Structure formats: structure tokens, C-alpha cells
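Following: one structure in C-alpha cells, then a few remarks.
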Ligand SMILES: Nc1ncnc2c1ncn2[C@@H]1O[C@H](COP(=O)(O)OP(=O)(O)O)[C@@H](O)[C@H]1O
Ligand SMILES: [Mg+2]
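Residue numbers (the working numbering): 48 to 411.
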């Protein structure tokens, strides 16, 4: 899918920006703090109704304004043109797609499928297990449409069991929730396993012989086996009652990214971590495309920072090969423009965006 037009209002320093993106490559360049990342943030907002930079939408809405809007014409996977828009204030989110109100944010994420390679987003490696669970939930949701349903059943059963634990319910009240938890936990874990195996393959194919190849992806093993989770819940009940919540299960899961048995978060350099995050995003995009037939819109923020020329070129080749619509920001466009690639160049200056002609002689 791709964006055929994009209008952004009142997002950070972007008061009113309208652009006609190139179907393939879009490069945004400009000085620091000119608003480049805010453009990608806006596209992400249109898809996920939240920012990738902050959980507080007030920080994103332009100062002194009540709300922000992002709207676009989308060329869908089925090659139809559909209009969509998001209006978000501190209190309310209104999403429209094809003239209809979209009630669930998760629906919109399927309408506008966006894959980000946000190198700042190292929380996958350096953050908490919760960050990694969030990562896998979003990733899986795009690949398996009924994932969310299983996820909800598990979490509903978990909430109910926790409520029973806290009010000291009778023994026989637990079974219904614990058995649901056991069934859905098994389902979730086998989906994770399948997804991670598949993603690892795509990753290794993408990273090929580059420095970051050889990373293995896995869900951290629980002490008990899958089939023993029901039993485990029953035997740990009294300890869970003391704790006041369910202490183990998929809601506490964690995921490992390792090279030769060691966590890459602890052994990779900053540059390697950045490269890993981008390669992983490309692998996720490839997986979506090949396994689900959905070509995401790809956002790469500050692509050239901290990476050497050769690495940047290698990444660009990988990205161009997938023929996704790309939105790339950089302070150094000369590094990105390839004369053989259909692309548009936009200059961003103090919240204003101008489409500029690419001068292939001088590389912009
Ligand atoms: N809520 C806001 N209202 C207005 N301006 C903002 C707001 N939040 C951030 N800014 C400004 O918007 C710009 C955003 O820049 P950013 O997108 O991060 O730039 P770049 O990626 O080009 O470095 C900065 O100049 C910042 O000061
Ligand atoms: Mg930026």
C-alpha cells in the first residue's frame, strides 16, 4: 500500500503541510529540529493513533492548539483509492476510513500498515520485558488477524483469576479461568514460537553476510512445560494469593535476541544495535509482504546517522529491493539519492516542506 497524498496539521512545528508523496522513495532533509521526524510521526499517528516518541499526545499537538489532524489518500493493497483521517485531542480520537468512523484503533492499524525502522527505538534490546511484549503483540497482530482475539481471551481470564485471588474465592471458582488461561497460553506461546522462527529466517536472509547476521530470536523458556501450565496455576495459587496476582504466564513473557548465546544488547556497539534494529524492521516488512501479502509503508528516521556510507548503501539496496513506499529522513540527502531510483526529495525548514527537484549531477 502507499500514500498518494498527505496532509498534516498542528503536529509539533508542522502547522499545515500538504505533500504528494512519491509512490516509491521519499527523502526528507533539513537541519536539526526542522520537523523531519514529525512528518514520520504523523504518518505513524495516522496508522496507530499514537506517537512513537511519547505516550503523551499533548506533547505532539502543536503548542496552543487543541488537536492535531493527519489525513491521506491511500492506495490500498487491492489498488483502490481510499481517504482516511485522524483527529486527536488530549481527550478524544476520531478516525475515519473510507467515509466511515473507525471505532477500534486496531482496525486502523490494518487500514494503514506502517513499518518503522526507528533507530532510537532500542527499547527492544535495552528496555523492559514489557517493551518486548508490546513489540511482539504489534508484530503478531499484523501477521495473524486472530491473534488479538487469543490475546484478549488470555488477558480476560487473567484479570478474572486475579480478582478471585484478591477476594479469596472458593477453590472450585478458579477452574473456568485457569483452564482458559492454560489453553490460550499454549496457543499464544506456539504462535510466538512460529513467528519468531519465521522472522529469524527473514532476518538472516536480510542480514546475510553482514556484521549483524547470526542473531537468534527466542521466547524465554518458562520453568514448567506448556502442558503443565494448568497444574502450575493450581499449585501456585496460595503463593499467588499472597502476591495478590498471577506471578507467571505469558503476561510475564520475555524474548531474547542473542549471538552465540549472549544478549546482543550487552555485546553490540551502538552502530551495530542501530543496524540490527533497521535490519529487523526490513525483515518484518518482508515477512508481512511474503506471508500476508501486505506491503507496508516503511518509515526510516535519521537513516544515515551513526552508520558508515557502505552500510547506508547496503540498507538502501535492501529497502529499494522490496519496492515499499519509503519515507526516509536525513540531514545528508547526498548519501541517499541514487540516480537509478525513482524518488522525490523534500526540503524541511522550520515546519515547512517543499518538494525540490533532484539534481542528479550534484546529488542534490
Ligand atoms: N508541541 C509542539 N508544538 C510546536 N512545536 C513543537 C512541539 N513539539 C516539538 N516542537 C518543535 O518541532 C520541531 C520538531 O522537530 P523534529 O521533528 O524532531 O525535527 P527533526 O527531526 O528535523 O530534527 C522542533 O523544532 C521542536 O522544537
Ligand atoms: Mg529527527
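Ideal placement from N, C-alpha and C gives every residue a C-beta, glycine not left out. Quick caveat: nothing in here was measured; it's all calculated off a predicted structure.
Practice problem: Just jot down, in chain order, the residues whose CB lies closer than 5 Å to any heavy atom of ligand 1. | Solution: 59, 60, 79, 80, 81, 82, 83, 84, 85, 109, 110
Quiz prompt | ligand 2 heavy atom lying under 7 Å from the CB of residue 379 | solution = Position 332 of the chain shown, counting from 1, holds the residue named residue 379. No, the beta carbon of residue 379 sits no closer than 7 Å to any heavy atom of ligand 2.
Practice problem: Grab me the residues of residue 351's own chain with a C-beta within less than 8 Å of its C-beta, minus the 5 sequence neighbours each way, in chain order. | Solution: Your numbering for residue 351 matches position 304 in the chain shown. Taken in chain order, the residues that qualify are 359, 377, 378, 379, 382, 383.
Exercise. Look up residue 119 in the DSSP assignment and give the residues it is bridged to.
Key: Walking along the chain shown from the start, residue 119 turns up at place 72. In DSSP, residue 119 forms a bridge with 53, 131.
Self-check item: Which residues DSSP lists as bridging residue 63, in chain order
Solution: Stepping through the chain shown from its first residue, residue 63 is reached at position 16. Beta-bridge pairing links residue 63 to 56.
Exercise. Kindly examine ligand 2 and report whether one of its heavy atoms sits closer than 7 Å to the Cβ of residue 358.
Key: What you label residue 358 is simply residue 311 of the chain shown in a count that begins at 1. Flag unset: Cβ of residue 358 not near ligand 2.
Exercise. Report yes or no: do three or more beta-carbon pairs, one from the segment 74-94 and one from the segment 390-406, lie closer than 8 Å?
Key: yes
Quiz item: What do you reckon, is the C-beta of residue 351 under 7 Å from a heavy atom of ligand 2?
Solution: Indexing the chain shown from 1 puts residue 351 at position 304. The answer is no for residue 351.
Quiz item: Going by the C-beta, is residue 376 closer than 7 Å to any heavy atom of ligand 2?
Solution: The residue labelled residue 376 in the question sits at position 329 within the chain shown. Yes; taking the cut-off as 7 Å, the Cβ of residue 376 has a heavy atom of ligand 2 nearer than that.
Practice problem: Please report the Cβ distance between residue 190 and residue 335, rounded to the nearest whole angstrom; I am assuming they are in contact, meaning their Cβ atoms lie under 8 Å. | Solution: By 1-based counting over the chain shown, the position of residue 190 is 143. By 1-based counting over the chain shown, the position of residue 335 is 288. Yes, they are in contact, since the Cβ atoms of residue 190 and residue 335 sit about 7 Å apart, within 8 Å.
Exercise. Go through the segment 318-391 residue by residue and report every complete run of the beta strand (DSSP E) that reaches 3 residues or more, in order.
Key: 344-347, 373-377
Exercise. Report buried or exposed for residue 162, applying the criterion of at least 16 other Cβ atoms within 10 angstroms of its Cβ.
Key: For this step, residue 162 is matched to residue 115 along the chain shown. Answer is buried; the Cβ neighbour count reaches 16.
Quiz item: Contact check, residue 57 vs residue 114 under 8 Å by CB: the rounded distance?
Solution: Position 10 of the chain shown, counted from the first residue, corresponds to residue 57. Position 67 of the chain shown, counted from the first residue, corresponds to residue 114. About 7 Å separates the two Cβ atoms, so the contact holds.
Exercise. Could you spell out where the beta strand (DSSP E) holding residue 263 opens and where it closes?
Key: Indexing the chain shown from 1 puts residue 263 at position 216. Its beta strand (DSSP E) spans residues 262-266.
Practice problem: Report yes or no: do the segment 235-243 and the segment 278-292 share at least 3 C-beta pairs separated by less than 8 Å? | Solution: no
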